[in-house]
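Which chain is which? The protein sequence lines are A and B, in order. Residues 2 to 127 (our numbering) are what the first sequence spells out, left to right. Residues 198 to 582 (our numbering) are what the second sequence spells out, left to right. This report concerns only the one structure given below.
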Amino acid sequence: MDYSAEVRQRFSAPTRVGEVPADSVEWVEGSAADPSLAVWIRFQVQLESGTIRQARFRAFGCPHTVAAADRVATEIEGRPVDYLQSIDWPLLARQLALPREKFGKLLRIEDALAACHAQARRKQVS
Amino acid sequence: MASAPIYLDYAATSPVDPRVAEAMAACLTRDGIFANPASPHAAGSAARRVVDLARERVGALVNAAPARIVFTSGATEANNLALKGMLAAGGQLVTTRIEHRSVLDPADALAARGAELCLIDCDREGIVAPEGVAAAIGPRTRLVSVMQVNNEIGSVQDIAGIARVCREAGVPLHVDAAQGAGKVPLDIEGWGVDLCSLTAHKLNGPKGIGALYVRPGLTLEPLISGGEAQLGVRAGTLPTHQIAGFGKAFELAAATGEAADLRVLRDRLWDRLSAIPGTRRNGSRERSAPHILNVSFPGVEGESLRLALEDLAVSSGSACTSRSAEPSHVLRSLGVGDLLAESSLRFGVGRFTTADEIDRAADRVTAEVKRLRQVSEGAPGWCSS
């Protein structure tokens, strides 16, 4: 398996692994899994007035999964919460040089972030 | 400065011993013994003497008559010759589910041509009971084929016991001893083994050379024909330098008797790795070859583990299948789940492995397993199954 330089870097030294601070007032969590793909992903997103202040993740999966999760977690910080629904996944796949057979794992990351977004919306409504 | 890479994949192949390389080099150039061993002139006779000496050295390590050793391109060809040579006219092949692909694939090819195939199960430690072999033998059984040492998990079969039940049933026994020769006792003629595959490159010899021992009186259909053939079953000019290296490698293995040293290194590695929580050893502890250790790391995804440890030369499953996405058929036969099989590593120690390398490798594995488990902290239980 070939890995791009960014995948190697983010896999060997991910910067967003973990949880948001325990004393966070406003935060949401979303997870997704697919045992047939050997992937599990969980995101925690700390919010502040509708803006993503920081994002953290845990992942069981291949190097591409870990790298993509780290890249996304980095990218969404500082963005409005609705950005979780407008990530350009095909572009991300190209930027990380993800092999086609790994696209299914990217979908699980998308699912986890969609769960975060839905929870954030529910909290806003309530 | 980066530390030297650590090679712990001796079960896949081993570096050529300098003394072996020297013996080979003496058979390559114009000032050496390069002539065709089949040639009747003096130079040919000198090459023939080199080949004869190698046959003696190979035979001495495994207790086989030198005259019954047929040189091949390796154990894969030897396995193919044994199976296809014995079942050319059909009949039943009895073998095990944990054989190397160089037995299972020709077995499948024979089955596709109409031969009957009976695959015996092993127990959860990778051991095949002689009674199980006896029960599988039927009136149409033409050959039983059982590997001596499993290449992935190192389990050692009771070849003497299996040979006994085959002899009682009047069915020839083929043994793939590619991993066993020089590492565990192998007494081909004492045990009554009929066919036995050997290779040089697992014992610090060159790649591209192996042998099939053929018991007197056994008739095989050749795979390769074209002129004079060894025992009538394998044609082709003998590669004197490869054969000289093969013989030297087996002579050195007999002289060094390194199995005890390898076991110490292997056990040192296991002592260190077993300190990692949840680590599981695959295969038999009591009946294991001294140079192979197979370990699963629950909660660590296999591909991630392989990339994290790419500076460490180890195998995930068998070397021949580690580039495949399919989990190891051997670990599956032991009842190991697919995810756990994917997170398994095979370590192979050898003649040039040092205790320092073992410790450094154990440190690297420990650190990366810990790191990857931190990344996946909180993952559901199926990630560890």
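Every residue, glycine too, gets a C-beta built ideally from N, C-alpha and C.
- For Asn491(B), the enclosing beta strand (DSSP E) begins and ends at Ile489 to Ser493.
- Taking the Cβ atoms as the reference, Val343(B) lies roughly 6 Å from Thr293(B), within the contact range of under 8 Å.
- Per DSSP, Pro22(A) has no beta bridge partner at all.
- Pro369(B) counts as buried, since at least 16 other C-beta atoms from the protein chains shown sit within 10 angstroms of its C-beta.
- Under the Cβ criterion of 8 Å, Cys63(A) is counted among the residues facing chain B.
- The residue among Phe104(A), Ile53(A) and Ile42(A) with its C-alpha nearest the C-alpha of His118(A) is Ile53(A).
- The C-alpha of Glu253(B) lies about 10 Å from the C-alpha of Lys445(B).
- With fewer than 16 neighbouring CB atoms inside 10 Å of its own CB, Thr551(B) falls in the exposed class.
- Here Gln86(A) has His118 as same chain residues with Cβ atoms under 6 Å from its own Cβ, once five neighbours each way along the sequence are excluded.
- At a cut-off of 8 Å between C-beta atoms, Phe104(A) does not count as an interface residue with respect to chain B.
- When only Cα atoms are considered, Asp214(B) and Ile473(B) end up about 34 Å apart.
- According to the DSSP secondary-structure assignment, Tyr204(B) is paired through a beta bridge with Ala510(B).
- The shortest C-alpha to C-alpha distance from Glu296(B) to any of Gly311(B), Asn277(B) and Ala286(B) is the one to Asn277(B).
- DSSP places Met283(B) inside the alpha helix (DSSP H), whose first and last residues are Ala272 to Met283.
- Here the C-alpha atom of Lys106(A) lies approximately 42 Å from the C-alpha atom of Leu400(B).
- Burial is judged here by how many other beta carbons sit within 10 angstroms of a residue's own beta carbon; Trp579(B) has fewer than 16 and is exposed.
- Legend: CB atoms of the segment 306 to 332 of chain B lying less than 7 Å from CB atoms of chain A are not found in any residue.
- Counted as a single uninterrupted DSSP element, the stretch harbouring Gly496(B) is not any alpha helix (DSSP H), since DSSP gives it neither H nor E.
- Every unbroken stretch of the alpha helix (DSSP H) spanning 4 or more residues and falling wholly within the segment 419 to 483 of chain B is given here in chain order: 437 to 453 and 456 to 470.
- When the Cα atoms are used, Ser582(B) and Glu523(B) turn out to be separated by approximately 16 Å.
- Distances from the alpha-carbon of Ser471(B) to those of Pro336(B), Leu490(B), Ala538(B) and Leu290(B) put Leu490(B) closest.
- Within the segment 330 to 362 of chain B, contact with chain A at the beta-carbon level (separation under 8 Å) is assigned to no residue.
- When C-beta distances to chain B are compared with 7 Å, the residues of the segment 39 to 53 of chain A below that value are Ala39, Trp41 and Arg43, in chain order.
- Residues Ala235 and Ala432 of the same chain have their beta carbon placed closer than 8 Å to that of Glu425(B), with the five preceding and five following residues left out of the count.
- Interface annotation, Pro202(B): not in contact with chain A, CB-CB separation never under 8 Å.
- Interface with chain A (8 Å Cβ-Cβ cutoff): Trp579(B) is included.
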